[in-house]
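Novice: I'd like to ask you about the structure that follows.
Numbering (my numbering), first residue to last: 106 to 329.
Written out as structure tokens, the structure reads:
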């Protein structure tokens, strides 16, 4: 896969570039040290658009959230994965609402490659610290896509639960999305066709007023 890295620390950019390239996990197209440079590089030409853009939150000038929002406004299909030291709930919420494909805390560089693979597979990637902030419960390791537990699928709903009007089947699918599974994996677990899963997820998003599966996953994890 082809990736790009936006981080205000050149050492971080160089370290990620070296590790990901040396292990064959990804080819690094370019790096940027601030949000304005990231936006400029992303839209410099057709060949400069990466499969995934790794973005830090706080950078000089335009920050990561603002840069990601601009990139997604101009290219809604962009895959953006936040990699940052900041686990503030407000940052996480903003990243999710704008349509990022994931949010990881800088703890273990070895977690980055599996996260990139998961994003390429269409999964939602949330680090364990991130899920803890959102759900207030324990979570899996940050090395891969995170989730609520399978018990979510059968959990009850409260009066103000935005998923309360969904069928039990659709709540099961929402829980599987929150586990970070892609459509193929959900189809296998729920004994449905991929097309049916895709249609049900679209219907769930429409009924709940959400815009993407990342938001669906996070809202499911945050529900009472």
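Ideal Cβ positions, reconstructed from N, Cα and C, are used throughout, including at glycine.
Which partner residues of residue 188 appear in the DSSP bridge assignment?
Specialist: 209
Novice: If you reduce the DSSP assignment to three classes, tell me which class residue 287 lands in.
Specialist: Of the three classes helix, strand and coil, the one that applies to residue 287 here is coil, per DSSP.
Novice: Beta-carbon within less than 8 Å of residue 147's beta-carbon, same chain only, minus the 5 sequence neighbours each way: which residues are those?
Specialist: 109, 153, 154, 155, 158, 176, 180 and 183
Novice: Using a Cβ distance threshold of 8 Å, determine whether the stretch 223-234 contacts the stretch 277-292, with at least three qualifying pairs required.
Specialist: yes
Novice: Would you report the Cα separation of residue 117 and residue 280, rounded to the nearest angstrom?
Specialist: So the alpha carbons of these two residues sit roughly 35 Å apart.
Novice: By Cβ distance, which residues of its chain are closer than 8 Å to residue 274, with the 5 residues on each side in sequence left out?
Specialist: 295 and 305
Novice: Less than 6 Å between C-beta atoms, sequence neighbours within five positions excluded: which residues of the same chain meet that for residue 200?
Specialist: Answer for residue 200: 187 and 208, listed in chain order.
Novice: Using CA atoms only, rank isn't needed, just tell me which of 123, 222, 128 and 114 is closest to residue 138.
Specialist: For residue 138, the closest alpha carbon among the candidates 123, 222, 128 and 114 is that of 114.
Novice: Between residue 130 and residue 221, which are expected to be in contact by the criterion C-beta below 8 Å, what is the C-beta distance as a whole number of angstroms?
Specialist: 7 Å
Novice: Taking just the CA atoms, how far does residue 198 sit from residue 173?
Specialist: 14 Å
Novice: Please give the ranges of any beta strand (DSSP E) in the stretch 115-166, keeping only runs that are unbroken, at least 3 residues long and fully inside the region.
Specialist: 132-137 and 157-160
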